[in-house]
Structure formats: structure tokens, C-alpha cells
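Chains as they are written, first to last, in the working numbering: chain A, 1 to 353; chain B, 1001 to 1353.
Using N, Cα and C, we set each Cβ at its ideal position, and we do this for glycine too.
First up is the structure itself, then whatever we jot down about it.
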DNA sequence: ATTAAAATCGGTAACGTACACGAATTTATA
DNA sequence: TATAAATTCGTGTACGTTACCGATTTTAAT
């Protein structure tokens, strides 16, 4: 460890150069009133000249404030454990920045109950937070909520899915079209030209269904772009229920015995896997998300590929984006599309969600 | 922004509870002499009781020291641009922690010149650094170097490849065996039982060759574990030279026309791709590393899959591990095996190395 | 010209921690 | 018991910044 040598740095140096007190420099830096136009200009010039970078340690230490963020994401349910990873990402981010007086409070809503979304959203707006991270599962409600945030000048970050034309501080999540496109590309290696393929959408909520459609578009887009002749079937299952999914899948495979690949457009792929295992089918199964229930089937190679986009990392980055913006006053990327990861039996052990 | 309320925190609070001055508390915290056994014990008890977490802002601000790290990695050469990503990762880490008075200095060696490694290593040891990040390309030399580090009590982190039985602060890099294993798993989806497969090792230096062998072991391990009957050929090319590689590959494919997949065990896959493109072959090509020269072929689907392990991220994490250990005094994972990423044409755009 | 009001600025106490200096206390030595 | 030596501890200053208080200067009003 070396000792630092030069004496005058930061505001003190600026003050020295401008022949004013550090109090005045501080006023200029924070655009406060009480400085004549001349000295203000002079100080600003010096700041530019010496390329002054404020010392964040001193800054955070002196400004004895607590920055508070709120998160609004679905609760972990019996239906899916998907939202466990984002929560862990949030916690990881918080424990990294809590030393800088940042606190994060989490609010959870029920993915099958839009009222619960509104209720939690109102709770958030009552207490004044400095930034909000949310998964805009319900489109209308999210627009409403974020509009109110905008009026209150509270920055918000979307994760997991975006709301077009609703400008946010940042979106961090998948490019849904591309993830479908990738699935198709992968499948193109697995089937012959004459094999049949099926898309399986499983969703109860209309909202989430939109996301699935984007993936489906990407999926079909690939086949179109590459003039592939494969026949593509599709079924929509609107109940998340073992027996229903079993029946529908079984019907599908009976009607089209030449189906070689099933592409399930979300994390519900384990339900299909469950049936395939029972029936002893050797259809290739591709689905989404690194969930416990899916990994089991991945290890058995009932599910052959999982497409994942690190939901935990998304939430982590989301909190960090708020931190960068609110605390460090740094610019933040408007869109961060997560890499599309391909997980199979032999690379899942080192994967971190 | 909320203001913080409670007055007594940190050392002050401890001092209050122990009825001593903060100076004494400070001495206990830093295991300095000059404290009676009684009060020391008392203070330590209080520290435990209130679960005292030192404020890093105050700590870093007060300790007016500069922590200096050195890195020792191969230089970017004409032969490969592989080491550009790690360098960027190092820079990214540095710019994140430079606010905490951390500086990083980079030293580069020539991968084909073990003397250059020794020369740079000596430079590093002359100036006393607080931590070292290195890619131990030359095994003997690295052991020698790290032994000297240990004597000087300088912690070091390995990236990219490990040296077994040379205990380091941390290793961050691939699990080579598994990456080969994964490649085989992937290939198992792409070939029929009777198709032939070939492994292509391209390496000039004996050292690097060991890494390739680990991958090859993993690769063959998969076929053995799953009782797959595919014939596996193998060639070693000890010159990194377009025409040599062209000739060797061409011979291989002529001798075994039933080869369906080529597995190149490192980033030199672009040389093979170059030949395949010329010859118009439609053999499936799998290789390593997200390099510019490879991505071009990936887009053309001459290279079909690239296996990547985020070398940039490795270096970033390596510097961060040193930071955590040296500055924050936090525990550090001994081994961090990077995820094994599968990159193809349609997911490379969002990939970050 | 006098006084009041407004604008401009300097000085300084914090924030939580590190570290040096010297004061107070205890122990050892004669 | 007196004195020296050693031990134990408190105080003060510093790190770079924020934010407030009050002093000084300028401008406005009479």
C-alpha cells in the first residue's frame, strides 16, 4: 500500500484555483443559488479544465441521506418458482450497495390478480421512494402506475418484459423475438426437412400470452427467413394443470405422429416433460427457464434444451441501474437485452441464473 | 431521500457502550497493541453483540492509501485476439473501483516466449504490489513466480487456466474437461450413430497443448459415458499457418469422407473455417471463443457453434476478487468455474464476452 | 446619505474511520 | 516513597464532501 501524496485535490483544489472558498465551489457544483454569474462561470470552467471527478466516498459519507428503492414483482407461487431468481438478484444488489446508504423494499403481487398489483403499486406511491424496479406483467395497470411515477418524478426500471412507448429509465430483459428465433435456429440442427414441429403455448393470463406470441413470431420468422419447409403445428393451453396439459399434448402427438420437436414457449415446459416421461416418448423438448422443476427433467434429458436469460441478473442489473442513476448520477443504458443462453444437460451445473 | 436519524453508529456506538474512546475501539479493531486484555475483550464482545459492520466509505476515505494490483497476461497478437477481452474486463473492473483508491497496472508477455514471462514477472516483483492477477500459461515459470509471491505474502488470482496444487487466492476460469464434455453432448444431437467425428488440436506451445488435452478427455468422456459408437479421429497441428492447417484438414476429410463434425479444441477454429469455406464443405464445425475472426464465420454458419467462457468476465471477476480480499477483507471463492456458453448465429448479437 | 434588503461568499461542523501524539494510569525499580 | 519505565488510553486532525450559519458586500428603497 502506497500513501497518497499530492495535497490539493477535489473541491479544495478548485477553490484554490478560483480563489474562493470550498463553500462557493460546492454551491456551483450543486447548482444552488447564491453565487454570482462571474464566479459561477469561472468555477465551472476550472471544473472542466482539471476534469474534476467528485470523490464518491466523501460525497456519500457527507450527504447523510438514505436512498430508498422499491421493487414490484410477482410473488413466488406454486405455479412457478420463476421469480425466486430475480428476488435473489435484488438481494445481491442490495447487499452490495447498502454500504452506500441504499435500502431496497420489495413488494409482491399475484400474477393472477391484477388488483393485487394495484394495491401494491399504491403502497409504493404512498411512501416516497427514490426509484422503482418493476415487472410490468399487467400492461394497462403498469402504464397507469408508471404514469403516476412520472408525475412524481420517480425513475423506474422494467425487467423481464417491456412496455413499448412507455419511456422508462431502462429496460433490462430478453428480446423475445430473438429468443424464439434462436430456438428455431437450434431446432434446425435437430430435425430433417420433412419433420414436423409443434409450438406449445401454456398460459392462463392474457397478458403473459403476448410475450409468448412474440417468441412464436421469432420462431416462425426463422423458418420463413431460411425457407425451411417444416410443418409447424401449434396448440394453446389455457389451464396450468397436469391432466389438461397431459391430454392436450397427448392428442397433439397422436394427431401428428411425425412431430419430432416440441417447443414450449415458457417455463411451463416441465408439465409437458412430465407427460413425455410417462409416455416414454423420445420427442425433442425445448423450453424456457432455469427452474428447479425443469432442471430435473434436463438431467434426465426429457427436456433437451432450456433457453434462459438470467432473470436474477436482470433484477441485479435493474437495481444497479437505479443506483447508478440516483446515487452516482451516471448515465444508464436505455435497453439491455440479456444474452440468450442455451442450457443442456452437460452445461447446467455451472450456470448461474 | 430520507435523512438518517440515529446518532450513534459504528465505532462511536461501540465506544459509548464500552465507555472508552473511539481511539481504543480503533486499536481493538485493528489488533494494535496498547489495550488491556479486559477492555479488549469487552470491546470485542460488544462488536459481536451489535454485529458491527465497519462503514467502508469512512474506512476508505480515512485510510489514505493506494492499493495497487498488477496483471500478467499474454499480449494481443496477430495469432489471436483472445486476450483483448480479458484486458477490457480488467479495465472495467478498474474503472469501477478506482474511486476507492485502487490502481491496476498491466504487464504483458509473449505466449511464445517464456523469457518474456519471466521478465515481466520480475518487473512485478520489484515494485511491491498488493495483489496479482495472472494467466499461468507457462506452468513451470508460473509455479516459480507464484512461489515467490507467496514468500512476499502477495495474493494472486489465476484466470483462464489453473495450476493444480498451487494454492491461490482464487481461480476463475473454465472447467476444461466439462467444456469438452459439453461439446460432445451438443454433437450427439447433430450426428447419427454411424457418423464419424474428428478432433482438431491446433497449438504451437506444449503448454497450451495440455489444456487442449483436457478438453479432448472431456469430449471422449461423454462418448464413453453414453456408450456412443461414433468413430473419433484426431489430428494435431503444431503450426499456426493457413496453408498447413488447410493441408492437414483437407487430408483428414479426404481420408475419412464420413466425417460429419469437426471439433476444434481452441480459438484457432477460424483457420479451419477458412478452409471449409473455400472447399464448400458442409461439415458441422464447432470451436472455441468469441473472437472477431470467428464471429464472421459464425454469421456465415461456416462455424456452427462456438463454446465460450467469457474471458472478459473472468478477468473482471479476478480483479474484483483481489479487491474483495485486499480492500474489503471479505472471503473469496476458491474456484469460480465459468458457465459454458453455446453461441450460434442467432444468439451472438446479445452475447458479451 | 442612510437604512434595509438582497445577494454573495467564507468558515466550519459534521459523516465514519485511521492514526499519531501525548496524557494519564499502572507497574517496576531503586 | 520517590522516580522511572511501561502500559493504557483520550484527544485531535485528517480524508473529501455536504450543508448550514452568519459575515460581508452589493443593490434597492427612502
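Alpha carbon to alpha carbon, how far is residue 185 of chain A from residue 308 of chain A? Give it in angstroms, no decimals. 15 Å
Residues of the segment 1317-1348 of chain B with Cβ closer than 8 Å to any Cβ of chain A, in chain order: 1337, 1338, 1339, 1340, 1341, 1342, 1344, 1345, 1346, 1347
When you compare the CB of residue 260 of chain A with every CB in chain B, is at least one pair closer than 9 Å? no
With H, G and I counted as helix, E and B as strand and the rest as coil, what does DSSP make of residue 1028 of chain B? helix
How is residue 1218 of chain B classed by DSSP in three states: helix, strand or coil? helix
Is the shortest distance between the beta-carbon of residue 58 of chain A and the beta-carbons of chain B less than 9 Å? yes
Please list the partners that residue 1067 of chain B has in chain A, where partner means a Cβ-to-Cβ separation under 8 Å. 1
From the DSSP output, in three-state form, read off residue 1159 of chain B for me. strand
Per DSSP, which one or two residues make a beta bridge with residue 1196 of chain B? B/1259
Grab the span of the beta strand (DSSP E) containing residue 354 of chain A for me, first residue to last. Any answer about residue 354 of chain A is impossible in this case: the structure gives chain A only from 1 up to 353.
To the nearest angstrom, how far is it from the Cα of residue 1258 of chain B to the Cα of residue 1304 of chain B? 18 Å
In chain A, which residues lie with their C-beta within 9 Å of the C-beta of residue 1004 of chain B? 64, 65, 66, 101
So that I know if they touch, is there some Cβ in chain B lying closer than 9 Å to that of residue 130 of chain A? yes
DSSP three-state call for residue 165 of chain A: helix, strand or coil? coil
Compare the C-alpha of residue 4 of chain A against each of B/1349, B/1102, B/1196, B/1107 and name the closest. B/1102
So with CB distances below 7 Å, who are the chain B contacts of residue 156 of chain A? Correct list: empty, because the minimum Cβ distance to chain B is about 17 Å.
How about residue 178 of chain A: is its C-beta nearer than 9 Å to some C-beta of chain B? yes
Please name the residue, chosen from A/40, A/2, A/320, A/312, that lies closest to residue 353 of chain A on a Cα-to-Cα basis. A/312
For the alpha helix (DSSP H) that contains residue 276 of chain A, what are its first and last residues? 269-279
Can you give the Cα-Cα distance for residue 1339 of chain B and residue 351 of chain A, rounded to whole angstroms? 5 Å
Among A/265, A/82, A/18, whose alpha-carbon lies nearest the alpha-carbon of residue 40 of chain A? A/18
Quick check: what's the CA-CA separation for residue 1194 of chain B versus residue 1226 of chain B? 15 Å
Looking only at its own chain, which residues have a Cβ that is under 6 Å from the Cβ of residue 160 of chain A, when we skip the five neighbours before and after it? 135, 173
Burial state of residue 1330 of chain B (16 or more Cβ within 10 Å): exposed
Mind listing, in chain order, the continuous alpha helix (DSSP H) runs of no fewer than 4 residues lying wholly within the segment 43-85 of chain A? 56-62
Rounded C-alpha distance that separates residue 231 of chain A from residue 199 of chain A: 11 Å
If you compare alpha carbons, which of B/1096, B/1098, B/1124 is closest to residue 1106 of chain B? B/1124
Quick one: what's got a C-beta closer than 6 Å to residue 1042 of chain B's C-beta in the same chain, skipping five residues either side? 1018
Same chain, Cβ closer than 8 Å to residue 332 of chain A, neighbours up to 5 away in sequence not counted: 169, 170, 321, 324, 325
Looking at C-beta atoms only, is the number of pairs between the segment 1148-1159 of chain B and the segment 1126-1133 of chain B that lie closer than 8 Å three or more? yes
Segment contact flag, the segment 85-105 of chain A with the segment 1046-1061 of chain B, C-beta cutoff 8 Å, min 3 pairs: yes
Quick one, are the C-beta atoms of residue 89 of chain A and residue 319 of chain A less than 9 Å apart? yes
Given residue 87 of chain A as reference, the closest of A/341, A/10, A/349, A/317 once Cα atoms are compared: A/317
Taking residue 1283 of chain B as the reference, give the member of B/1260, B/1296, B/1265, B/1242 with the closest Cα. B/1260
Pick helix, strand or coil for residue 231 of chain A, following the three-state DSSP scheme. coil
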